[in-house]
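Chemist: Let me begin by handing over the structure; questions about it come next.
Protein chains: 2
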Amino acid sequence: MGLTIGVDVGGTKVAAAVVDDQGAIVEKSKRPTPSTDAEKTAAAIAEAVDELTEKHEVEAVGLGAAGFVDETRSIMLFSPNLAWRDEPLKQKVEERVRLPVVVENDANAMAWGEARFGAGRDADHLLCITLGTGIGGGVIIHGELYRGRWGIGGEWGHLRVVPDGRRCGCGNRGCWEQYASGNALVREARDLARVSPALAGRLLELGEGAPEGITGPEVTQAAREGDAAALECFRIVGAWLGQGLADLAAVLDPGLFIIGGGLSDSGDLLLAPARETYAKVLTGRGHRPVAPVRIAELGADAGMVGAADLARRR
Amino acid sequence: MGLTIGVDVGGTKVAAAVVDDQGAIVEKSKRPTPSTDAEKTAAAIAEAVDELTEKHEVEAVGLGAAGFVDETRSIMLFSPNLAWRDEPLKQKVEERVRLPVVVENDANAMAWGEARFGAGRDADHLLCITLGTGIGGGVIIHGELYRGRWGIGGEWGHLRVVPDGRRCGCGNRGCWEQYASGNALVREARDLARVSPALAGRLLELGEGAPEGITGPEVTQAAREGDAAALECFRIVGAWLGQGLADLAAVLDPGLFIIGGGLSDSGDLLLAPARETYAKVLTGRGHRPVAPVRIAELGADAGMVGAADLARRR
Numbered sequence: 001m002g003l004t005i006g007v008d009v010g011g012t013k014v015a016a017a018v019v020d021d022q023g024a025i026v027e028k029s030k031r032p033t034p035s036t037d038a039e040k041t042a043a044a045i046a047e048a049v050d051e052l053t054e055k056h057e058v059e060a061v062g063l064g065a066a067g068f069v070d071e072t073r074s075i076m077l078f079s080p081n082l083a084w085r086d087e088p089l090k091q092k093v094e095e096r097v098r099l100p101v102v103v104e105n106d107a108n109a110m111a112w113g114e115a116r117f118g119a120g121r122d123a124d125h126l127l128c129i130t131l132g133t134g135i136g137g138g139v140i141i142h143g144e145l146y147r148g149r150w151g152i153g154g155e156w157g158h159l160r161v162v163p164d165g166r167r168c169g170c171g172n173r174g175c176w177e178q179y180a181s182g183n184a185l186v187r188e189a190r191d192l193a194r195v196s197p198a199l200a201g202r203l204l205e206l207g208e209g210a211p212e213g214i215t216g217p218e219v220t221q222a223a224r225e226g227d228a229a230a231l232e233c234f235r236i237v238g239a240w241l242g243q244g245l246a247d248l249a250a251v252l253d254p255g256l257f258i259i260g261g262g263l264s265d266s267g268d269l270l271l272a273p274a275r276e277t278y279a280k281v282l283t284g285r286g287h288r289p290v291a292p293v294r295i296a297e298l299g300a301d302a303g304m305v306g307a308a309d310l311a312r313r314r
Numbered sequence: 315m316g317l318t319i320g321v322d323v324g325g326t327k328v329a330a331a332v333v334d335d336q337g338a339i340v341e342k343s344k345r346p347t348p349s350t351d352a353e354k355t356a357a358a359i360a361e362a363v364d365e366l367t368e369k370h371e372v373e374a375v376g377l378g379a380a381g382f383v384d385e386t387r388s389i390m391l392f393s394p395n396l397a398w399r400d401e402p403l404k405q406k407v408e409e410r411v412r413l414p415v416v417v418e419n420d421a422n423a424m425a426w427g428e429a430r431f432g433a434g435r436d437a438d439h440l441l442c443i444t445l446g447t448g449i450g451g452g453v454i455i456h457g458e459l460y461r462g463r464w465g466i467g468g469e470w471g472h473l474r475v476v477p478d479g480r481r482c483g484c485g486n487r488g489c490w491e492q493y494a495s496g497n498a499l500v501r502e503a504r505d506l507a508r509v510s511p512a513l514a515g516r517l518l519e520l521g522e523g524a525p526e527g528i529t530g531p532e533v534t535q536a537a538r539e540g541d542a543a544a545l546e547c548f549r550i551v552g553a554w555l556g557q558g559l560a561d562l563a564a565v566l567d568p569g570l571f572i573i574g575g576g577l578s579d580s581g582d583l584l585l586a587p588a589r590e591t592y593a594k595v596l597t598g599r600g601h602r603p604v605a606p607v608r609i610a611e612l613g614a615d616a617g618m619v620g621a622a623d624l625a626r627r628r
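Protein chains in written order, with our numbering: chain X, 1 to 314; chain L, 315 to 628.
Next up, the structure:
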């Protein structure tokens, strides 16, 4: 059978799944992340694994964890949303579950899932860009995950796209994720609703009358209805996405871009303006192939599926 | 013996060398590039090779060529400074010299030379950034040159670092090479001399009285003398360089940066402010290793040495 478990460890939830060698999910388990206490986080991961191993025989466990993973893929160096600081996560979970554990950055695990079993199964050189609160990423080169020298590659959410631009949680200003993430879309919508309540009437209605009430899915809903204000927000964020894709193509010349994360649910609302800008600003355009831009296929399962496969290949 | 020939084919000169398997140059040959005629360019390359093969027995020829190379490493898709448009360079030169020919992008060949025999011989994950008229680059991953899916990686001179910024020869605005290249340094110096002739007195003197007379080596000379205006130019350009290194580290997490090209002759005048900015703005600083930034060691020979070694490994 060759079953393994993949666990997606985020700031809010621990999502685990038993996955077979074709990337199919056999069973899932989910619980909240006790994010402020590293011991409790490890215990919650072990609980999720134990729940699944009671019913399934598995070989190994892969963790896709939100944070910087060290080069030995054992230690969480740092996480913005969890209590990990030089946390020996591999060892702690192995002691609890008595199975081999592989630790990977969560965006890398997602990228690997999409590359093996999702939108990238026909490509060997691809970049996976996950758009949610921020921007995450994973690099696939020659059909393998590329982590960088110290395991911290693919952090392009922090490319500086605007000098002295919007403040970012990383401590810098002008990072790409402040312009092209799910949060950036919501920010555009709320800004628009604040300065032009008339234009943003439908958005405000969905947000129950207040700019701060407008959520990402509501902006997508309004845009699907054809609301001009919501479409304008997608055009702005899509253009920033396309510019960043062109920047990444200048650096790495990938054969494919896969767009994942919550914001990718908006599909062509986002991709149409992104592709337009990307093709318009790509350096050397007209003299080089243009990599396609696709929406991810595995949705919220990508991280679990990818982590499980990485555990299989440990 | 295992001798090969490496040829650096630029917009102004064809520089060829017989190189041994330790990267040592045995003999050189140089001539101007007939850049406006693709047939004559191929003939000039063949002449340089023939001149060297009269005296040395060689196995193969590597060309480091200024332009986009196709994925089969045979055809020059495009060159900004030469008459190549879908030019079958490998075939044309092979027919003339009757030796196996390998074609590589010139910045990639330089990066490979430095990685094998220069400042990167102890590193497996490095980025080589060449600063001249523009910015070129090469990516070394797992000890191998990485070209991207279609052979056009490492073109980070065209990362957009300033929205609506300075016009670039690639057709876009705000490209990194407009802010952090040899040309950018000269531009800063001339701008300063124009608006503040008093402050830029020494620079103007070296430029024979006119802002347009100031050259890159003169800015370096003045800075070495301690001239405040020249040092200011290096601080500005060095800071742009450091910001770009931080951007590349966010994407690829390299273990080493090597700075080559003509501007790298300025050494710490450029690297001191570059390292300072880089360390200050690197995302995740404090929670990750900081890649060292080194000056290239092979100087103008890097391209020939790298191309010759790539020919050996064909």
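We put the beta carbon where it would ideally sit given N, CA and C, even for glycine. All values derive from a computational prediction rather than experimental measurement.
1. With 8 Å as the threshold, decide whether the Cβ of residue 555(L) is near any Cβ in chain X.
2. Residues of chain X with CB under 8 Å from residue 470(L), in chain order?
3. Who are the neighbours of residue 605(L) on chain X, taking C-beta pairs under 8 Å?
4. For residue 316(X), I'd like the list of residues in its chain whose CB is within less than 8 Å of its CB, leaving aside the five on either flank, ordered along the chain.
5. With distances taken from CA atoms, which of 603(L), 597(L), 543(L) and 560(L) is nearest residue 583(L)?
6. For the putative contact between residue 133(X) and residue 182(X), defined by C-beta atoms under 8 Å, what is the C-beta separation to the nearest angstrom?
7. Closer than 8 Å, Cβ to Cβ, to anything on chain L: give me those residues from the stretch 59 to 77 of chain X, in chain order.
8. Is it right to say residue 509(L) is buried, meaning 16 or more other beta carbons lie within 10 angstroms of its own, or is it exposed?
9. Using a Cβ cut-off of 8 Å, pull out every chain X residue sitting near residue 486(L), in sequence order please.
10. Does chain X have any CB closer than 8 Å to the CB of residue 476(L)?
11. If we call anything under 8 Å between Cβ atoms a contact, is residue 398(L) one with residue 449(L)?
12. Between the stretch 112 to 134 of chain X and chain L, which residues of the former have CB atoms less than 7 Å from a CB of the latter, in chain order?
13. Within a Cβ cutoff of 6 Å, which residues of the same chain sit near residue 309(X), ignoring the five residues on either side of it in sequence?
14. Whose C-alpha, out of 324(L), 547(L) and 601(L), is nearest the C-alpha of residue 513(L)?
15. List, in chain order, every chain X residue whose beta-carbon is nearer than 8 Å to that of residue 602(L).
16. For residue 417(L), which of helix, strand or coil comes out of DSSP?
17. Is the distance from the Cβ of residue 82(X) to the Cβ of residue 66(X) below 8 Å?
18. Please identify, using Cβ separations under 7 Å, the residues of the stretch 81 to 96 of chain X that lie next to chain L, in order along the chain.
19. As a quick exercise: from 465(L), 340(L) and 335(L), pick the residue whose alpha carbon is nearest that of residue 251(X).
20. Quick check on residue 511(L) - is its C-beta less than 8 Å from some C-beta in chain X?
21. Taking C-alpha atoms, which residue in 223(X), 307(X), 226(X) and 283(X) lies nearest to residue 249(X)?
22. Does the structure place the stretch 87 to 95 of chain X close enough to the stretch 37 to 53 of chain X that three or more beta carbon pairs sit under 8 Å?
23. Residues in its own chain within less than 8 Å of residue 498(L) by CB, not counting five upstream and five downstream?
24. Rounded to the nearest angstrom, what separates residue 247(X) and residue 58(X) at their Cα positions?
25. If the cut is a Cβ gap below 7 Å, which residues of chain L does residue 258(X) touch?
26. Are at least three pairs of beta-carbons, each pair with one atom in the stretch 289 to 305 of chain X and one in the stretch 599 to 619 of chain L, less than 8 Å apart?
27. Checking contacts by CB at 8 Å: is residue 624(L) closer than that to chain X?
28. Taking C-beta to C-beta, are residue 263(X) and residue 131(X) nearer than 8 Å?
29. Looking only at its chain, what residues have a beta carbon closer than 8 Å to the beta carbon of residue 609(L), apart from the 5 residues adjacent to it on each side?
30. Per DSSP, what kind of secondary structure is residue 299(X) in: helix, strand or coil?
31. Pick out whichever of 456(L), 457(L), 459(L) and 442(L) has its Cα sitting closest to the Cα of residue 471(L).
32. What number of angstroms, rounded off, separates the C-alpha of residue 303(X) from the C-alpha of residue 125(X)?
33. Would you please state the rounded distance, in angstroms, between the beta carbons of residue 425(L) and residue 570(L)? I believe it to be under 8 Å.
34. Starting from the beta carbon of residue 254(X), find every residue of chain L whose beta carbon is closer than 8 Å, and list them in chain order.
35. Along chain L, which residues have their Cβ under 8 Å away from the Cβ of residue 141(X)?
36. To the nearest whole angstrom, what separates the beta carbons of residue 535(L) and residue 520(L), a pair I think is in contact under 8 Å?
Modeler: Here's the rundown:
1. No, residue 555(L) does not count as interfacial toward chain X.
2. Near residue 470(L) (Cβ distances below 8 Å), the residues of chain X are 250 and 251.
3. The answer, in chain order, is 149.
4. Chain X is shown from 1 up to 314; residue 316(X) falls before or after that span and cannot be answered.
5. Residue 583(L) has its Cα closest to that of 543(L), out of 603(L), 597(L), 543(L) and 560(L).
6. Rounded, the Cβ-Cβ distance is 6 Å, consistent with contact.
7. Closer than 8 Å at the C-beta level to chain L, one finds these residues of the stretch 59 to 77 of chain X: 68 and 77.
8. Exposed, because fewer than 16 other Cβ atoms sit within 10 Å of the Cβ of residue 509(L).
9. Ordered by position in chain X, the residues that pass the 8 Å Cβ test against residue 486(L) are 281 and 283.
10. Output row for residue 476(L): interface = yes.
11. Contact flag unset, no.
12. Against chain L - using a Cβ distance shorter than 7 Å - the residues of the stretch 112 to 134 of chain X are 125.
13. Result list for residue 309(X): 116, in chain order.
14. Closest option to residue 513(L), Cα to Cα, is 547(L).
15. In chain order: 68, 77, 78, 150 and 152.
16. The DSSP-derived three-state label of residue 417(L) is strand.
17. Remark: C-beta atoms of residue 82(X) and residue 66(X) approach each other more closely than 8 Å.
18. Hits within the stretch: zero.
19. It is 465(L) whose Cα lies nearest to the Cα of residue 251(X).
20. Residue 511(L) has a beta carbon lying at 8 Å or more from every beta carbon in chain X.
21. 283(X) is the residue among 223(X), 307(X), 226(X) and 283(X) whose C-alpha sits nearest the C-alpha of residue 249(X).
22. The stretch 37 to 53 of chain X, when compared against the stretch 87 to 95 of chain X, does touch it at the 8 Å Cβ threshold.
23. So the qualifying residues of the chain are 491, 492, 551 and 554.
24. C-alpha separation (whole angstroms): 41 Å.
25. What residue 258(X) touches in chain L: nothing, since even the nearest Cβ is about 14 Å away.
26. No, because fewer than three Cβ pairs between the stretch 289 to 305 of chain X and the stretch 599 to 619 of chain L fall closer than 8 Å, the two stretches do not touch.
27. By this cut-off, residue 624(L) is not an interface position.
28. Yes; because the gap between Cβ atoms is below 8 Å, this pair is in contact.
29. Around residue 609(L): 433, 572, 573, 574, 578, 581 and 585.
30. Residue 299(X): helix per DSSP, three-state reduction.
31. Relative to residue 471(L), the option among 456(L), 457(L), 459(L) and 442(L) whose CA is nearest is 442(L).
32. Using only the alpha carbons, I get a separation of about 19 Å.
33. In fact, because the Cβ distance is near 11 Å, the residues do not count as touching under 8 Å.
34. What residue 254(X) touches in chain L: 462 and 463.
35. Within 8 Å Cβ-Cβ: 455 and 460.
36. Contact between residue 535(L) and residue 520(L) holds: their C-beta atoms lie close to 7 Å from each other, under 8 Å.
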